[in-house]
Each structure stands twice: as C-alpha cells, then as structure tokens.
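Numbering (the numbering used here), first residue to last: 7 to 312. Beta carbons are placed, not taken as given, at the ideal position from N, Cα and C, and that holds for glycine. Here is the structure we will look at, set down as structure tokens.
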Amino acid sequence: MTGFLQNCETGGAFLAAGSIYEKSKAVILGAPMDFTVSFRPGSRSGPQAIRAASVGLEEYSMYAGCDLRDASFYDAGDLLLPFGSVDRSLSLIEEAVDNILTDGKFPLLLGGEHLVSLGALRAFARHNPGMTVIHLDAHADLRTDYLGEAHSHASVMYHACRDLKVDLYQFGIRSATAEEMAFAKEHTHFYPFHVSQPLAKVVQTLKERPVYLSLDIDVVDPAFAPGTGTPEPGGITSAELLEAMSLLKDLNIIGMDLVEVAPVYDPAEITAMLAAKIVREAILTFPPQGDICNSQGQIKTESKDF
Numbered sequence: 007m008t009g010f011l012q013n014c015e016t017g018g019a020f021l022a023a024g025s026i027y028e029k030s031k032a033v034i035l036g037a038p039m040d041f042t043v044s045f046r047p048g049s050r051s052g053p054q055a056i057r058a059a060s061v062g063l064e065e066y067s068m069y070a071g072c073d074l075r076d077a078s079f080y081d082a083g084d085l086l087l088p089f090g091s092v093d094r095s096l097s098l099i100e101e102a103v104d105n106i107l108t109d110g111k112f113p114l115l116l117g118g119e120h121l122v123s124l125g126a127l128r129a130f131a132r133h134n135p136g137m138t139v140i141h142l143d144a145h146a147d148l149r150t151d152y153l154g155e156a157h158s159h160a161s162v163m164y165h166a167c168r169d170l171k172v173d174l175y176q177f178g179i180r181s182a183t184a185e186e187m188a189f190a191k192e193h194t195h196f197y198p199f200h201v202s203q204p205l206a207k208v209v210q211t212l213k214e215r216p217v218y219l220s221l222d223i224d225v226v227d228p229a230f231a232p233g234t235g236t237p238e239p240g241g242i243t244s245a246e247l248l249e250a251m252s253l254l255k256d257l258n259i260i261g262m263d264l265v266e267v268a269p270v271y272d273p274a275e276i277t278a279m280l281a282a283k284i285v286r287e288a289i290l291t292f293p294p295q296g297d298i299c300n301s302q303g304q305i306k307t308e309s310k311d312f
C-alpha cells in the first residue's frame, strides 16, 4: 500500500472535494518532491499551497459554466516520498497513479518538481501506449542529464520521448540549450514562446488521441506566477493559460499534472491561486463528469448582455 504524508480525509482537501474515493471520477494526488531542482527548492510544498489557495475560489466556474459541488472528485492527499531517493519516489508515484488508472479514474497530479511527471507518465504509457503528451513549460526539459544526473527535472521530457515513446507537443518554451533545440527539431512538435495561438492550430489534429497534459506553472510569466523554482521572463499571461485550458476541452485528456509551484517565493500567493484555478477548470473540463456543465452558462468575453 502506498503511504501518504497527508491524507485529505482528515482535512485540508481541495475546495469541494468529495469524501468517497470509490464514487469519484477524478482523483487529486500530491507528489511533494523537489530533490533535483537546479535553482530554487521549495516545490515540495506546492500541493498543500494549492489546496490552501483553493478556498479563495468560487466553486462555480464562469469558464466552464458549472460548479465543483456538482463534480465527482476526491483529494487523496500527498504521497509519502523517501527524501533524497529519486528512483524510489518515482516508483511510488508510478504505483499510485497506476492504481488510480486501474480503478478507472482520472489522475490529477500536483507537484513538486517536474520530474514527478515521469512517474505518472510511466503508468500512463502502460495503459495508453503511443499516447500524446501536451507539455506547457518555459523550459524544454530535454537534457540527457543535468550535472551528470540522468533523472532531473531538466530531463523529464527527454525520458518521456526516448524511453516511453510518447508523441510530444511542446508549447511556450523560451529557454533551452542548443542540444535540446536539436533534439526538439528531430523528435518533438515544438512551438516556442506562445501557447494558445499554436495550440488552437493543432488541437483539431489531436482529437482522436489519448492526451496527457503536463503543465509547469513557469510557462506563465513570473509577473503573474513568481512562486516557482526557475522563473523565466517573457512568458504567457495567466489569461492565456486559462484560454489554453478552454482550447483543450474537446480533446480526450486522460490525465494531467501541474508542477513547480514553490510557495516560499509566492508571498502574495498569486501563483498558488492561479494553480488552484487551473485545477478547478481541469476537474470541470477534462474528466467525464456527466451532464453537469451547461454550455449556455459560460460567459463569452465579447458579450455585454448578462
């Protein structure tokens, strides 16, 4: 049985989370690991910061036109990961995500550093061979290693491509080495600097595929999301990220992660609040929740008739 550092049945769960795992369609799972960060540590506290920020949100989403209180999801809490043991931690994440998938539920993993995604992707690749990964990030994460370490948050997408053979679409990238750029040109679908505009152009080609979403919060400019370990100026706005989430609504999103929220650098909690809002939208948009969302209830930005 996978151990938990924090079990949300005892409190501290994400806003409006249900209390019965068996009845849930989606499961939030925290992976509080930041063992390989290359600049500023602290993302191990990200999952709890996102949950704490969620209470400042409305349950109702104007974007989705529906309410978290009508959704079926469960917050499993944070995994108990052995400090400093990267391989064992990845195995525990893989095991937990595999169990959620075997139970027919939608996993939503909260990091933690971006390397936690590799554990989840290993489980998803077994259940969905040949799947597509949409990767939103400031960094390419395509290094073969970082300072001699093969498993690093800077190499997670390299391993996803090389080892798991995923079909990788990368958006918003604005930082990479020359070697990473060469690898991307050969092995990935690479759309630098922007997200919503190129995503809108390719989303139709992905409609029939199982798609996993990996979202590093530093895809957003640090003016909007300063609470992250490796901030990179020149990013997208929080509004564009929310627009991108809406663009993905017609895809078969089978799971996702949201990583690299580091609350120690987030004194106004705006990064955690943005992350919590993204989680709310993901729960209401991606898992099959039945007919809980009313498209007529969505607010169109060009409309003045409320």
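| Check | Outcome |
| --- | --- |
| For the region 222-262, which segments carrying the alpha helix (DSSP H) assignment without a break, of at least 4 residues, lie completely within its bounds, in sequence order? | 244-253 |
| Checking the sheet assignment: what are the DSSP bridge partners for ARG220? | With the sequence shown as reference, residue 220 is identified as Ser, and Arg is not the correct amino acid for it. SER220 pairs with HIS141, ASP263. |
| So, under 8 Å CB-CB, HIS211 and PHE45 are touching, yes? Tell me the CB distance rounded to an integer number of Å. | The residue asked about is misnamed: residue 211 is Thr in this sequence, not His. Their Cβ separation, rounded to whole angstroms, is 35 Å, which puts THR211 and PHE45 out of contact at 8 Å. |
| Just how far apart, CA to CA, sit ILE56 and PHE189? | 33 Å |
| Where do the N-terminal and C-terminal ends of the beta strand (DSSP E) with PRO313 fall, by residue? | Because residue 313 is not part of the residues shown, which for the chain are 7 to 312, the question remains open. |
| Taking the CB atoms as reference points, tell me whether ASP256 and LYS213 lie closer together than 8 Å. | yes |
| Going by the DSSP bridge assignment, what does CYS72 pair with across the sheet? | SER67 |
| Could you check where the beta strand (DSSP E) with GLY178 kicks off and where it finishes? | 173-179 |
| By the three-class DSSP mapping on this structure, what secondary structure does HIS195 have? | strand |
| What's the call for SER91, buried or exposed, on a 16-neighbour Cβ count within 10 Å? | exposed |
| Between ASP143, PHE79, TYR66, GLY136, which has its C-alpha nearest SER181's C-alpha? | ASP143 |
| Using DSSP bridges, identify the partner residues of GLY24. | TYR80 |
| Based on the DSSP output, what are the partners of ALA58 in its beta bridges? | For ALA58, which the question treats as bridged, DSSP gives no partner whatsoever. |
| Is it true that the CB of GLY118 sits closer than 8 Å to the CB of THR37? | It is Ala, not Thr, that sits at residue 37 in the sequence shown. Against a cut-off of 8 Å, the Cβ pair of GLY118 and ALA37 comes out as a contact. |
| Give a yes or no on contact between the region 64-71 and the region 120-136, applying the rule of three or more CB pairs nearer than 8 Å. | no |
| Report the rounded CA-to-CA distance for TYR218 versus LEU116, giving the unit in angstroms. | 14 Å |
| Going by CA-CA distance only, name the one from GLU246, LEU290, ILE289, PHE292 that's closest to PHE177. | GLU246 |
| Closer than 7 Å by C-beta to PRO294: which residues in its own chain qualify, once you throw out the five before and the five after it? Chain order, please. | LYS31 |
| Note the first and the last residue of the continuous beta strand (DSSP E) segment covering GLY36. | 32-37 |
| Bridge partners for TYR152 per DSSP, in chain order? | GLU155 |
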